[in-house]
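*Asks:* Top to bottom, those sequences are chains A and B.
Quick note: the first sequence uses full-length UniProt numbering, first residue 1, plus one each step.
Quick note: the second sequence uses full-length UniProt numbering, first residue 1, plus one each step.
All C-beta atoms in this analysis are idealised placements derived from N, C-alpha and C, irrespective of residue type, glycine included.
The model shown is predicted, which means the values in this text are computed figures rather than measured ones.
I have a structure here, written as structure tokens, and I will follow up with some questions on it.
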Amino acid sequence: ETIFPLNGSSMADTGVVEALLRRVEKVDDGVDSLEVATSLELDHQVIVGAVKSLQAVGDVISAELRSSKHWELTDEGREIAEHGSHEARVFGSIPVEGLPQSELMKLSFGKIGFSKAMSNKWIRLDKAHEGGPRIFRTVESIEDQVREKLLLLQKGNASQLEEKEKNELKKRKLLSEVTVKTYWIMKGNSFSTTVTKQETELTAEMITNGSWKEKKFKPYNFEAMGVAPDCGHLHPLMKVRTQFRQIFLEMGFTEMPTNNFIESSFWNFDSLFQPQQHPARDQHDTFFLSDPALAHDFPQDYLERVKKVHSEGGFGSQGYKYDWKIEEAKKNILRTHTTAVSARMLYKLAQQKFTPVKYFSIDRVFRNETLDATHLAEFHQIEGVVADYGLTLGDLMGVLHQFFTKLGITKLRFKPAYNPYTEPSMEVFSYHEGLKKWVEVGNSGIFRPEMLLPMGLPEDVSVIAWGLSLERPTMIKYGINNIRELVGHKVNLQMVYDSPICRLDS
Amino acid sequence: MPTVGVKRDLLFKALGRTYTDEEFDELCFEFGLELDEITSEKEIISREQGDSKASGASDIILYKIDVPANRYDLLCLEGLVRGLQVFKNKLEAPRYRRVSPVNGEPQKLIITKETAAVRPFAVAAVLRNITFTQERYDSFIELQEKLHQNICRKRSLVAIGTHDLDTISGPFTYTAKAPGDICFRPLNQTKEYTATQLMSLYKTDSHLRHYLHIIEDKPVYPVIYDSNGIVLSMPPIINGDHSKITLKTKNVFIECTATDVTKAKIVLDMMVTMFSEYCSQPFTPFKVLLVFQELAYRTERLSSEFINCKVGINESTEKIAQLLTRMCLRSRATGVGDEIEVEIPPTRSDVIHACDIMEDAAVAYGFNNITRTTPRTYTVAHQFPLNKLTELLRQDLAAAGFTEALNFALCSQEDIADKLGKKISETKAAHISNPKTAEFQVARTTLLPGLLKTIAANRKMPLPLKLFEISDVVLQDETKDPTFFPGRCAEIFVQGKSVGRLGVLHPDVINRFELTMPCSALEMDVEPFL
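See the structure below:
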């Protein structure tokens, strides 16, 4: 149904509307729409349409929706009413001299009809017959009661059958009980047998010649669904990404080049002071590459400093005191976080005269984890980084407050946490008004000196950073519970078509 | 993040007061812990195995507490209570001391050179005159398990063995032998087995089979003997039954064998510091070997200005020393300027830099008491050119009536090769060495299979389906491809350079994606347009 009133072509049924009104005029206590349809020899839906269009023009009629049950033959039921029951057709196809069982079974009704006819004792089977099992009639004639009952029902004489009989036919799937919705139609307060024709469209012609002034226009039906315009759609996750990008740009953050899914373990872990035995570097957590398996180009002097800070310490650190292996650092992986790119950017920054920077990225990362309703092997990480002289933990909390305010989140609190490359590390919680509790919304911290100083950054420069996933806020925003309904080829495109615009702060 | 389960009432008894769940949750939050779950043994069994199995189980309330991954000193009830009591100023941080036995020589553990081939390090200690109760004993076993699962990396880096010292006699020998030459009665078995037999016996053991790989393919296996040839343990797999500890054990011999000696020392320090409170002279375990400085305290000096500047607070030197002391880092103002002397106890192996001390000061101060400030960093923002172009293209593609698909960057070899009518070797794809399923074999070399799979999953949607995706593909080298219908495919050139292809897909390709309708596609590289 469209939002437009009945237009010219269905108002071609003005004749139907008027015929209906004349019927209603004759009866004082009303008439049933199905009865009108039968007497006018029209489809019931046509009368329903006429009732609805009359309801739309005002109080011409009053119509009350009623429902009643009645019996209807199924497809199989109608076939039997026409050709006879399967058992009767079996009986009919057996000549006096009998019929081989194999011949009977070839007939469409053979199998079902045979067993019924046997139990009715209309036929018998001679298994020992020469030339194979053969079927013979056992009675002269039969009475096909099933067909007769169905014919009665088809003529609308359901009352002549007992409930038990009807239920039996229903059990054989020959009959079904259907509910019919009809209108009980009576005269309305402004009843009349003629209806003024209402215009549906305001045309260019009416505007030119001014005829619109004399015409009556049908009001729009705003209860209708409307027709979706034919257009393309952006994916909801990407709409949310656009908004996060916008927020970072508004805050003066420069976008990092994250177009490298493959990263060496060196940049992904070692440069971040993540020890080589760390569980995140396990086969169970990280995707390793077999081809190309190893990376070879590293800044050699920087690599030596990284090796030293892990294995012996230095830069004020005790180090982890283990046997750091270049072989482990060379292993190519699918990056497990975009912080690998942040490390590359900070190293690059350290190679020039230091100027303060603010960086961000939103891109894919990969984890070889156990998958469930909220975890996939790949997801998008949102990351923000600020490097400047003398940044404090209070500054990190202040920047996070500004960032989350732009997302419409103003109530924040921070919990001490652990992360190998940040110290202090803080989990960010926001108060969820709906759930009435604090929920984790991100992770943050100040990069460790063991990460920054080997790069060559000045000692009094602090680097604050935070990260969160893109999928989680998107799922909350769009009310999606299973991540598989949001990302990947199995998503329902209807979800993409229907997803509204994304406004994070409202 | 490791989770520690403690009995609530036992915890409150040790803390000297009770808390509501909310109050305790708040305390955890402030200290950097997380009260993850409030449950009971009965509830856990009922959830995992059904109500019928749970009927006899205990319904004593358990707190499941998430502990930061580097705080091994909080992995048991004893350590948690100590940390929280000191934090709340209810207790002074204990000092751990190594003492010599009252009479006789310290125990000795001799390490032979054969161990170099399999597990070269070992350290050991003795807890003397300890008193176990059922609860202490359970916690002792549980701590070993927590350490094994975390810092010990499932026993690969370090394995812990604990023994009743009164059933064995030193000096002890840590050596390595061929599996056929090691024979003993392992824990909870009735007869003796050779190491070779044990390895096959434990193949089906739900717990131990996970550790077999650590030594399985080595020519020799590690083993520890006492002076009478009794086997204490075959690390990292199993202890001998002979020396097993019981509730009646008075003196505990603890050995840690390792491939990483730093971690072995940390683990041994954790075992003895956590449980020395149950010794007749609390906090005084006896160490065995003198190859390293055991129960080492370290002193660091730093300025209160350093802490004030990094955290963004303004506290006196004395106040900061008090804050650190509440984190089990005994500190004092030395009186030289704003210098603070901080003592790092053996329980705090996580403190390796001044920034770790700074964090503890911030935690004790309370993260949420720090004033939130805005840095004055002035910068001009730049978009990454590739992403800037991508954003513009996406907008216009949607305006042109195409709907954006979002597919995985990982896929099967079949998706990018066989199904597109190509050989995998022609694709120049990057291959994953440890995919858990075929869906993660390679990084996609083309966006086409993802789009076709999206269409296949949306066959019920009204036609036409017009999809697009702009995203990264991973190629070791550029290649040509025969995915299109002959005579209905064209290569796209921009200023003389090939940037992609368009055309009608080959019917075989369409069929392989379980589709039946004709499909045309355009795929091009947007980077040349930057």
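Once the 5 residues before and after B/G500 are set aside, which same chain residues still bring their CB inside 8 Å of it?
*Replies:* Once the five neighbours on either side are set aside, the close Cβ partners of B/G500 are E491, I492, L522, E523, M524, D525.
*Asks:* Using only CA atoms, which one of A/E223, A/K52, A/N209, A/F248 lies nearest to A/L407?
*Replies:* Comparing Cα-Cα distances from A/L407 to each of A/E223, A/K52, A/N209, A/F248, the minimum goes to A/F248.
*Asks:* Ignore the nearest five residues each way along the sequence and tell me which others in A/M495's own chain have a CB closer than 7 Å to its CB.
*Replies:* Only E485 meet the Cβ criterion.
*Asks:* Does the beta carbon of B/A438 fall short of 7 Å from some heavy atom of the ligand SAM?
*Replies:* By its list of ligands, the structure shown contains no ligand whatsoever, and the ligand SAM lies outside what it can speak to.
*Asks:* Which bits of chain A does B/M461 rub up against, with CB to CB less than 9 Å?
*Replies:* Under the 9 Å cutoff, chain A gives N492, L493, Q494, Y497.
*Asks:* How would you list, in chain order, the residues of chain A whose beta-carbon sits under 8 Å from the beta-carbon of B/H382?
*Replies:* Those are T254, E255, listed as they occur along chain A.
*Asks:* Helix, strand or coil: how does DSSP classify A/H375 here?
*Replies:* The answer is strand: DSSP assigns A/H375 an E or B state.
*Asks:* Can you tell me which residues form a DSSP beta bridge with B/C279?
*Replies:* The partner list for B/C279 (beta bridge, DSSP) reads B/I130.
*Asks:* May I ask you to report which of helix, strand or coil DSSP gives B/H431?
*Replies:* Of the three classes helix, strand and coil, the one that applies to B/H431 here is strand, per DSSP.
*Asks:* Consult DSSP for B/Y365 and reduce its assignment to one of helix, strand or coil.
*Replies:* Note: B/Y365 maps to helix in three-state DSSP.
*Asks:* With a cut-off of 8 Å on the beta carbons, I'd call B/L530 and B/S520 a contact; round off their distance for me.
*Replies:* Contact flag wrong, Cβ pair sits at about 27 Å.
*Asks:* What residues from chain B crowd round A/S108, counting only those whose CB sits closer than 7 Å?
*Replies:* Ordered by position in chain B, no residue passes the 7 Å Cβ test against A/S108, which lies about 31 Å from the chain.
*Asks:* In chain order, what residues of the same chain lie with their CB nearer than 6 Å to the CB of A/G313, ignoring the 5 residues before and after it?
*Replies:* These residues qualify, in order along the chain: G319.
*Asks:* So that I know if they touch, is there some Cβ in chain A lying closer than 8 Å to that of B/L157?
*Replies:* True, the Cβ-Cβ gap to chain A drops below 8 Å.
*Asks:* Quick one: grab the DSSP three-state call for A/H401.
*Replies:* Helix.
*Asks:* Check the Cβ of B/G450 against every Cβ in chain A and list those closer than 8 Å, keeping chain order.
*Replies:* H489, listed in chain order.
*Asks:* For A/F288, go through chain B and note every residue whose CB falls closer than 8 Å to its CB, in chain order.
*Replies:* By Cβ distance, chain B contributes I432, S433, N434.
*Asks:* Kindly confirm or deny that the stretch 88-96 of chain B and the stretch 66-80 of chain B touch, where touching means at least three C-beta pairs closer than 8 Å.
*Replies:* No: fewer than three Cβ pairs fall under 8 Å.
*Asks:* Give the straight-line distance between the Cα atoms of A/S264 and B/A354, rounded to the nearest whole angstrom.
*Replies:* Approximately 29 Å, taken between the alpha carbons.
*Asks:* Please compile the residues from chain A whose C-beta is within a distance smaller than 8 Å of the C-beta of B/P528.
*Replies:* Result: empty, since nearest Cβ-Cβ is about 14 Å, beyond 8 Å.
*Asks:* Could you tell me whether any Cβ in chain A is nearer than 8 Å to the Cβ of B/L522?
*Replies:* It does not: the Cβ of B/L522 has no partner Cβ on chain A nearer than 8 Å.
*Asks:* Can you give, in chain order, each stretch of the beta strand (DSSP E) that sits fully within the stretch 253-283 of chain A and has at least 3 residues?
*Replies:* Listed in chain order, they are 262-264.
*Asks:* For B/T62, count the other beta carbons within 10 Å of its own beta carbon; 16 or more makes it buried, fewer makes it exposed. Which is it?
*Replies:* Here residue 62 of chain B is Leu; the residue named in the question, Thr, does not match the sequence. Counting Cβ neighbours within 10 Å, B/L62 comes out buried, since at least 16 surround it.
*Asks:* Between which two residues does the beta strand (DSSP E) holding A/F429 run?
*Replies:* 422-432 is the extent of the beta strand (DSSP E) around A/F429.
*Asks:* Based on the DSSP secondary-structure assignment, which residues constitute the bridge partners of B/I110?
*Replies:* According to DSSP, which records beta bridges pairwise, B/I110 is partnered with B/T173.
*Asks:* Look up B/P222 in the DSSP assignment and give the residues it is bridged to.
*Replies:* In DSSP, B/P222 forms a bridge with B/A176.
*Asks:* Look up B/H210 in the DSSP assignment and say whether it is helix, strand or coil.
*Replies:* In the structure shown, B/H210 sits in a helix (DSSP, three-state: H, G or I).
*Asks:* Between the C-alpha atoms of A/I501 and A/K239, what's the straight-line distance to the nearest angstrom?
*Replies:* Whole-angstrom Cα-Cα distance: 7 Å.
*Asks:* With distance defined between alpha-carbon atoms, name the residue in B/N150, B/E135, B/V220 nearest to B/P120.
*Replies:* It is B/V220 whose Cα lies nearest to the Cα of B/P120.
*Asks:* Who pairs with B/K497 in a beta bridge, going by DSSP?
*Replies:* B/K497 pairs with B/V494.
*Asks:* What first and last residue would you give for the alpha helix (DSSP H) that runs through A/V240?
*Replies:* Segment 236-250, the alpha helix (DSSP H) holding A/V240.
*Asks:* With DSSP collapsed to three states, give me the class of B/F29.
*Replies:* DSSP places B/F29 in helix when its eight states are reduced to three.
*Asks:* Is the CB of A/Y418 under 8 Å away from at least one CB in chain B?
*Replies:* Yes, A/Y418 counts as interfacial toward chain B.
*Asks:* Please report the straight-line C-alpha distance between A/E218 and A/E199, rounded to a whole angstrom.
*Replies:* It should be noted that the sequence gives Lys, not Glu, for residue 218 of chain A. Approximately 6 Å, taken between the alpha carbons.
*Asks:* For A/A343, return the contacting residues in chain B, with the cut-off set at a CB-CB distance below 9 Å.
*Replies:* Those do not exist, as A/A343 stays about 17 Å from chain B at its closest Cβ, beyond 9 Å.
*Asks:* In terms of residues, what are the limits of the beta strand (DSSP E) holding B/I245?
*Replies:* Where B/I245 is concerned, there is no enclosing beta strand (DSSP E), given that its DSSP letter is neither H nor E.
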